[in-house]
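Trainee:
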Amino acid sequence: MAALRAILNALRRVVGRDLPSFFKANNILFLAALGKSAEALFLLLGLLVLFPLSADPLGKIPAVRRVLWPLSGRQRLALRLCSFALSPVVWIGVAILLKTRRAGLALAFCGLAAGMQAALAFGRRMVRRDRHWDLLRDIPRLPGRLGGLVRKDMREMLTLLDPYAAALLSAGGGAYRIFAAHPDPAAPAILSLLVGLALSTCAQSLFGLDLDSGLTRYHLLPLAGWEILLEKDLAFLAILFVLLLPLDPWPGLTFGLAVLALGHHSSVLYGLPQQRWRFASGRLQFGLMQTAVGIGAGFLEHQRGVLVLAAAVAGYLASVWYYGRRWAQAE
Amino acid sequence: MLHCRHVSKQFGEFTALDDISFELRSGVCALLGPNGAGKSTLLKILAGLLAPDRGEVRIAGYDIAQEPLRVKRLIGVLPEDQGLFDALTIEEHLELSGPIYGLSRKETRARSDALLRVLGLESGRYTYLDQCSHGMRKKTALAMALLHNPCVLLLDEPFEGIDPVSSVTIRDLLLTASNHGIAVFVTSHDLSMIGQLAGEVKMIRGGRIVFSAAAAELERPLEELYFDLVEQPAREDLAWLRCARS
Chain U
2 MAALRAILNA LRRVVGRDLP SFFKANNILF LAALGKSAEA LFLLLGLLVL
52 FPLSADPLGK IPAVRRVLWP LSGRQRLALR LCSFALSPVV WIGVAILLKT
102 RRAGLALAFC GLAAGMQAAL AFGRRMVRRD RHWDLLRDIP RLPGRLGGLV
152 RKDMREMLTL LDPYAAALLS AGGGAYRIFA AHPDPAAPAI LSLLVGLALS
202 TCAQSLFGLD LDSGLTRYHL LPLAGWEILL EKDLAFLAIL FVLLLPLDPW
252 PGLTFGLAVL ALGHHSSVLY GLPQQRWRFA SGRLQFGLMQ TAVGIGAGFL
302 EHQRGVLVLA AAVAGYLASV WYYGRRWAQA E
Chain Z
507 MLHCRHVSKQ FGEFTALDDI SFELRSGVCA LLGPNGAGKS TLLKILAGLL
557 APDRGEVRIA GYDIAQEPLR VKRLIGVLPE DQGLFDALTI EEHLELSGPI
607 YGLSRKETRA RSDALLRVLG LESGRYTYLD QCSHGMRKKT ALAMALLHNP
657 CVLLLDEPFE GIDPVSSVTI RDLLLTASNH GIAVFVTSHD LSMIGQLAGE
707 VKMIRGGRIV FSAAAAELER PLEELYFDLV EQPAREDLAW LRCARS
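Residue numbers (this note's numbering), protein chains in the order written: chain U, 2 to 332; chain Z, 507 to 752.
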């Protein structure tokens, strides 16, 4: 019993430490300012978060350690059953049950989470069997000296949930444009800004997924600071551009250049770490600035045209030059 | 090839390196010392990853603080944390590295194939780094250090976590490199391997070099010297460490 309690205590601590990684400052949360009209959007985001949130809590203990611990069959079964109580999905299921008094709804929610995990497990198994199932592997190596690094950064970025939220917005916007009887002519520009907003937190922490080891390599490579920032930004802009294609790309790209120019500050000077399969986590003050400047620049581009985009490019290049020097000075 | 003059480094109150000076013209120089003695800090300073508080480092005549990009093209480094990206496979690390050092795609491919074959990484070339064993990671980092044919190799613990066959392969590779004029600076705990590899041995303790000699001139076995000059193995009987059934 003491052994089981010790393991469950450790597990509770690990789950407790992991939970805040789901609720960090992300620019997409500013959409809450839209009030009721953002509810459907947040529901979609919740669905995305459910993928990592529904992971087996027992999976946080290394499998080898679990096998090595001298536990009896009965103790292992008890550990398995008790671990379910540490799953946030079960807590949400219970909350749904208490609020709606509909056991079917709570069970359906838990079933959805279990289905997601089954799909992920199936995907992982297929990847183990045949590496061609790993879609991130198929990102082509771009030409040029920095091509390999750009591919690496695109892969890293696609292990965050932000691009998938942006993809949902892009697909929804594209569908609206095609299928709506009388689409609002301003909608593609506004939606392209929303797509940019969904991605913009990633621009606050361009080195967030490289870990210390990756940062060491960046410092060892014979590349100037501006080259490193440029290749990071190219990866961001390439993903943004693809997502903007069904909409109006230019306001979105202007937004992207503005948030990158501002994001260099926190990327180079603060090094905010990121976690795979979570939404990117930034700082509120940087996010507010990115959102305000980005939306302002995007709207201006929509109204005044290409001159604003050119100004955004100039501002962006100045930022690359300045923070490239700061990067080179950093140890 | 490598000049290190009066290099000192403090971390707060802790003196990591205290007035280190040496020169390495060619051959293999090994730096031995216990954990926390300052080996990795010195290697980071030589590689330009860390700026010294005092002193200067020159590689092939270039000051690393003044001309970092020129120096980075001349050195190959196996850093303490290996400097690898989890999102890339072993092969992709080499594909990424070659063009940055000015190699053509064809040349990068040819050299990568040879390095993967020699280091026994061929079967794992498509494996992501976060799925690799410690030894595979280390060998990948070593391959990256060698790929662009550097003038100076700076290697932090190249034999740590490596299987015996690969250790011998790496030893021979480094000996060949040094015979071809590449200066090799290694830190290590593996005294037997260093005994077979190094032409010059230095020992560091508390941030100071306490011993420096050509390997051929050592009068006593390396292990004996190390225990005398650097640290003695701790010998304590843990009374509770015995089989309860005996």
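For each residue, glycine too, the CB sits at the ideal point set by N, CA and C.
Report back the beta-carbon spacing between residue 275/U and residue 209/U to the nearest angstrom; my notes put them in contact at under 8 Å.
Mentor: Indeed they touch by this definition, with Cβ atoms about 3 Å apart.
Trainee: What are the start and end residues of the alpha helix (DSSP H) that includes residue 237/U?
Mentor: 226 to 245
Trainee: Taking 8 Å as the CB-CB cut-off, is residue 232/U touching chain A?
Mentor: Reference to chain A is not applicable here, since the protein chains of this structure are U and Z.
Trainee: Beta-carbon of residue 221/U versus every beta-carbon of chain Z: anything under 8 Å?
Mentor: True, the Cβ-Cβ gap to chain Z drops below 8 Å.
Trainee: For residue 655/Z, count the other beta carbons within 10 Å of its own beta carbon; 16 or more makes it buried, fewer makes it exposed. Which is it?
Mentor: exposed
Trainee: Per DSSP, what are the beta-bridge partners of residue 694/Z in this structure?
Mentor: 538/Z
Trainee: Going by beta-carbon coordinates alone, are residue 584/Z and residue 543/Z separated by less than 8 Å?
Mentor: Residue 543/Z sits away from residue 584/Z, with the two beta carbons spaced by 8 Å or more.
Trainee: Alpha carbon to alpha carbon, how far is residue 218/U from residue 128/U? Give it in angstroms, no decimals.
Mentor: 28 Å
Trainee: Report the neighbours of residue 214/U on chain Z: residues whose CB is nearer than 7 Å to its CB, in chain order.
Mentor: Result: 587, 588, 589, 590.
Trainee: Since residue 673/Z and residue 642/Z are thought to touch, with beta carbons under 8 Å apart, how far apart are those beta carbons, to the nearest angstrom?
Mentor: Contact between residue 673/Z and residue 642/Z is absent: CB atoms are separated by about 14 Å, not below the 8 Å threshold.
Trainee: Could you give the distance in angstroms between the alpha-carbon of residue 721/Z and the alpha-carbon of residue 545/Z?
Mentor: 19 Å
Trainee: If you compare alpha carbons, which of 41/U, 70/U, 229/U is closest to residue 265/U?
Mentor: 229/U
Trainee: Could you tell me which residues DSSP puts in a beta bridge with residue 117/U?
Mentor: According to DSSP, which records beta bridges pairwise, residue 117/U is partnered with nothing at all.
Trainee: Which same chain residues end up closer than 7 Å to residue 547/Z when comparing Cβ atoms and leaving out the 5 residues on each side of it in sequence?
Mentor: 515, 522, 523, 556
Trainee: Just verifying my parser: in three-state terms, what is the DSSP assignment at residue 561/Z?
Mentor: Here residue 561/Z sits in strand by DSSP.
Trainee: Since residue 716/Z contacts residue 735/Z with CB under 8 Å, what's their CB separation in whole angstroms?
Mentor: Contact flag correct, Cβ pair sits at about 5 Å.
Trainee: Leaving aside the five residues before and after residue 88/U along the sequence, list all residues of the same chain whose C-beta is less than 6 Å from its C-beta, in chain order.
Mentor: 58
Trainee: Whose C-beta lies closer than 6 Å to the C-beta of residue 701/Z among residues of the same chain, with five residues either side of it excluded?
Mentor: 728
Trainee: By the criterion of Cβ-Cβ separation under 8 Å, what are the contact partners of residue 578/Z in chain U?
Mentor: 221, 222, 223
Trainee: Going by the beta-carbon positions, is the gap between residue 512/Z and residue 561/Z smaller than 8 Å?
Mentor: yes
Trainee: Can you list the residues of chain Z that residue 217/U reaches, using a CB-CB cut of under 7 Å?
Mentor: 555, 585, 587, 589
Trainee: Assuming residue 705/Z and residue 539/Z form a contact by the criterion Cβ under 8 Å, report the distance between their Cβ atoms to the nearest whole angstrom.
Mentor: Going by Cβ atoms, the distance from residue 705/Z to residue 539/Z rounds to 18 Å, so no, they are not a contact pair.
Trainee: So what does DSSP say about residue 743/Z, is it helix, strand or coil?
Mentor: DSSP places residue 743/Z in coil when its eight states are reduced to three.
Trainee: Measure the CB-CB distance between residue 568/Z and residue 223/U and report whether it falls below 8 Å.
Mentor: no
Trainee: Just to confirm the assignment, what range does the alpha helix (DSSP H) spanning residue 25/U have?
Mentor: Element bounds for residue 25/U: n/a, residue is neither H nor E.
Trainee: Would you say residue 150/U reaches chain Z, if we count a Cβ-Cβ gap shorter than 8 Å as a contact?
Mentor: Yes, residue 150/U lies at the interface with chain Z (some Cβ there is under 8 Å from its Cβ).
Trainee: Mind checking if residue 1/U is an interface residue toward chain Z, Cβ cutoff 8 Å exclusive?
Mentor: Nothing in the structure corresponds to residue 1/U, since chain U is present only between 2 and 332.
Trainee: Please determine, among 613/Z, 624/Z, 638/Z, 617/Z, the residue with the shortest C-alpha to C-alpha distance to residue 596/Z.
Mentor: Taking residue 596/Z as reference, the option from 613/Z, 624/Z, 638/Z, 617/Z with the minimal CA-CA separation is 638/Z.
Trainee: Just to confirm before moving on: does the CB-CB distance between residue 1/U and residue 291/U stay below 8 Å?
Mentor: Here chain U comprises residues numbered 2 to 332, so residue 1/U is not present and cannot be evaluated.
Trainee: Spatial neighbours of residue 235/U within its chain, please: CB distance less than 7 Å, with the 5 preceding and 5 following residues excluded, ordered by chain position.
Mentor: 151
Trainee: Per the DSSP calculation, residue 512/Z is bridged to which residue(s)?
Mentor: DSSP, once it has assigned bridges, lists no residue as partnering residue 512/Z.
Trainee: Taking 8 Å as the threshold (beta carbon to beta carbon), is residue 621/Z in contact with chain U?
Mentor: Answer no: the Cβ-Cβ gap between residue 621/Z and chain U never drops below 8 Å.
Trainee: If distances are taken between C-alpha atoms only, which option among 19/U, 211/U, 30/U, 11/U comes closest to residue 589/Z?
Mentor: 211/U
Trainee: Let me confirm a value: residue 733/Z is counted as buried when at least 16 other C-beta atoms fall within 10 Å, else exposed. Which label applies?
Mentor: Exposed, because fewer than 16 other Cβ atoms sit within 10 Å of the Cβ of residue 733/Z.
Trainee: Along the segment 599 to 615 of chain Z, what residues have a CB closer than 7 Å to any CB found in chain U?
Mentor: 601, 602, 605, 606, 607
Trainee: Tell whether a beta-carbon distance below 8 Å holds between residue 253/U and residue 320/U.
Mentor: no
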